[in-house]
Structure formats: structure tokens, C-alpha cells
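J.: One structure, as C-alpha cells, below. Some questions next.
Residue numbers (the UniProt record's numbering): 1 to 295.
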């Protein structure tokens with residue numbers, strides 16, 4: 001068998017190995033079907049094939065390695081197909097341009113998709129456009145990452161910067177509280193009935209800054225913590241309990257207190273361990289764990 005015509009058979013795909021025994025085939029006509037892909041492996045065993053006609057199908061791109069076409073192949077007709085001229089298929093499109101001398105009427109092959117490329121010549125497709133798109137995407141992604149990182153850092157350290165600015169304006173002489181108390185709301189009864197009573201009513205009395213009593217209504221909590229708590233206090237008292245460790249807000253206040261202690265030479269942090277905290281829970285805050293382990 002040297003000539004096989006399977007045109008107009010409504011073929012959508014070619015079964016594997018269907019042509020493997022046709023070693024003497026010279027011409028294979030597969031035009032006017034519904035093929036979607038061009039797969040060279042189907043024709044690899046056709047060692048004598050000279051002409052392959054796949055025109056008038058719905059081929060968008062290729063599948064497999066294009067160099068696996070038979071070396072004997074001299075004419076390949078791919079005209080009137082639905083080529084997708086996108087960067088995703090640029091290797092196939094470049095192959096068409098490179099092999100145009102052995103493609104029948106390559107100069108008449110046109111793009112079907114995307115819409116803005118419909119009707120344009122496949123040979124006019126430029127890989128440089130894809131490189132430009134990749135560059136734009138890369139730059140955009142990097143820009144988004146940089147901006148996101150900066151925004152995250154600004155958000156994370158905004159209160160530390162606010163504290164730094166305040167430390168430059170306030171001195172220890174301006175402090176109106178002896179200590180700002182950081183504690184979990186779950187421990188408020190102990191703070192009210194034990195800590196406040198013993199320190200503020202003792203001799204000498206110590207003036208404490210407390211959330212529920214001394215923060216200014218209508219002002220953001222974070223701003224109150226820094227402006228009323230740290231800036232106007234000489235020391236910080238940290239009431240450590242399992243509730244304190246589990247509170248993200250308490251840990252936030254403690255982290256600010258560390259920055260405050262670093263920035264202000266007169267400041268200091270006093271720890272009151274209200275109850276024994278499990279090591280597994282305490283280790284979640286490495287610095288606090290190390291500090292309490294030494295004392």
C-alpha cells in the first residue's frame with residue numbers, strides 16, 4: 001500500500017499504532033477531518049512517507065516531539081486549520097516558521113485564536129512578544145511582592161516607629177505613672193483586687209496605668225497603649241499567666257515593651273508570674289521563655 005486516503009471520515013484522533021505496519025506508504029491524506037492535535041508519533045513508523053496532508057482540520061497545536069516525523073517526509077500540508085497563536089504554543093509556531101520550506105503553502109496558514117490574532121499569518125507571529133509578556137509579568141510579580149513586603153513591614157513595625165518617635169519627645173520627668181500594667185483581661189480581677197490595691201494604697205503609693213481606667217475613650221487601643229501607657233510610664237509590669245501567653249494582644253504589648261526598653265535608658269520591665277505556665281505553652285514565646293528560665 002503506497003496511497004491511503006482517509007479524508008472526510010470525521011476523525012477526531014488517530015489510534016496508536018494504526019499506521020505502524022504501513023512501511024511502504026508514500027502518501028497519506030487525512031484532510032477534511034476533525035483532528036485537534038498534530039502528533040508526529042503516529043507517523044514515526046512510516047519510513048517511506050513522502051506526503052502527509054492534514055489540511056482542513058481543527059488542529060490548534062502539536063503534541064509530542066516534532067522531530068519525530070519520518071525523515072523521508074518531503075511535504076506536509078497544514079493549511080486551513082485552527083491554529084492558536086498564543087505564547088503557550090510558541091514552540092510549535094516557531095517550528096512552523098523554521099520548517100516553512102517543506103510545509104505546503106506555509107505563507108497561507110492563518111491564526112484562528114486569540115481573537116486579536118484571527119486571520120493574521122502564522123509566519124508573522126513574533127516570539128519577542130512572548131518574551132515581552134514574560135518580562136512584564138515578571139516585573140509585575142516582583143513589584144507586587146516588593147510592595148506587599150514593604151506594606152507588611154510598615155504594618156508590623158508601625159507601632160515600634162510610633163514608639164521611637166514618642167521616646168524622642170518624652171523624658172522620664174514627664175512620666176505621670178510609675179508603671180504601665182500589661183495583663184490578660186482574664187486576670188483583671190487579680191489586677192484590681194491584689195496588684196492595684198497593694199501598690200496604689202501602699203506606702204509609698206505607686207500610680208499605675210491601667211487599660212480599663214486610664215485609657216482615653218475614642219482613641220485607638222494601639223495609640224492608647226503607646227501614648228498613655230509607655231510614653232507616660234517609668235516602668236512596665238507584665239503579669240504572666242497562661243491567658244497572657246495565649247493572647248495575641250498581650251504578646252503584641254510585650255513586644256512593644258521590649259522595643260520601649262531598648263529605646264529608653266530609664267525604662268525597665270518587671271515580671272509577675274501569676275501562675276505556673278506549661279513549658280510547651282511558654283516556649284511559643286522564645287524570648288520570654290529564655291528570660292523567665294534564667295530567673
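C-beta atoms are modelled at their ideal positions from N, C-alpha and C, and glycine is treated no differently.
Given the structure is predicted, the values throughout are model-derived calculations rather than measurements.
(1) For residue 263, decide whether its Cβ has a neighbour in chain B, counting only Cβ atoms nearer than 8 Å.
(2) Suppose only complete runs of 4+ residues qualify. What are the alpha helix (DSSP H) ranges in the UniProt domain "TIR" (175-295), listed by chain order?
(3) What do you reckon, are the CB atoms on residue 19 and residue 51 nearer than 8 Å?
(4) Considering only their Cβ atoms, is the gap separating residue 83 from residue 112 smaller than 8 Å?
(5) Rounding to the nearest angstrom, what Cα-Cα distance links residue 176 and residue 138 in this structure?
(6) Put residue 3 into one of helix, strand or coil per three-state DSSP.
(7) May I ask which residues mark the beginning and end of the beta strand (DSSP E) holding residue 124?
(8) Whether or not the region 227-247 and the region 181-190 are in contact is what I'm after, with contact meaning three or more pairs of Cβ atoms, one per stretch, closer than 8 Å; do they touch?
(9) Along the chain, where does the beta strand (DSSP E) that runs through residue 53 open and close?
(10) Is DSSP giving residue 93 helix, strand or coil here?
(11) Rounded to the nearest angstrom, what separates residue 39 and residue 285 at their Cα positions?
(12) Leaving out the 5 sequence neighbours to the left and right, which residues in its chain are closer than 7 Å to residue 214 when beta-carbon positions are compared?
(13) Say whether the region 78-96 touches the region 53-68, bearing in mind that this needs 3 or more beta-carbon pairs closer than 8 Å, one atom from each stretch.
(14) Is residue 62 helix, strand or coil when you go by DSSP?
(15) State buried or exposed for residue 98, treating a residue as buried only when at least 16 other CB atoms are found within 10 Å of its CB.
(16) Using the rule of at least 16 other Cβ atoms within 10 Å of the residue's Cβ for burial, across every protein chain shown, is residue 35 buried or exposed?
(17) What is the DSSP secondary structure of residue 74, counted as helix, strand or coil?
(18) Across which residues does DSSP place residue 103 in a beta bridge pair?
(19) Tell me which residue opens and which closes the beta strand (DSSP E) that residue 113 is part of.
(20) Please report how far the alpha carbon of residue 216 lies from the alpha carbon of residue 224, in whole angstroms.
(21) Counting C-beta neighbours from all protein chains within 10 Å, is the total for residue 211 16 or more, i.e. buried, or is it exposed?
(22) So, is residue 148 buried or exposed, given that buried needs 16 or more other C-beta atoms within 10 angstroms?
(23) Name the DSSP beta bridge partners of residue 84, please?
(24) Quick check on the DSSP output: the beta strand (DSSP E) that includes residue 46 runs from which residue to which?
(25) Could you round the C-beta distance between residue 179 and residue 247 to whole angstroms and report it? I think they count as a contact, below 8 Å.
(26) Would you tell me roughly how many angstroms separate the C-alpha atoms of residue 140 and residue 57, rounded to the nearest one?
T.: To lay it out plainly:
(1) Judged by its chain identifiers, the structure shown contains no chain B, having just a single protein chain.
(2) 197-200, 211-214, 221-224, 242-246, 248-263, 279-282 and 286-293
(3) no
(4) yes
(5) 54 Å
(6) strand
(7) First-last for residue 124: undefined, no H or E at that position.
(8) yes
(9) 51-53
(10) helix
(11) 60 Å
(12) 228
(13) yes
(14) strand
(15) exposed
(16) buried
(17) coil
(18) 76
(19) 111-113
(20) 7 Å
(21) buried
(22) exposed
(23) 113
(24) First-last for residue 46: undefined, no H or E at that position.
(25) Rounded, the Cβ-Cβ distance is 19 Å, inconsistent with contact.
(26) 38 Å
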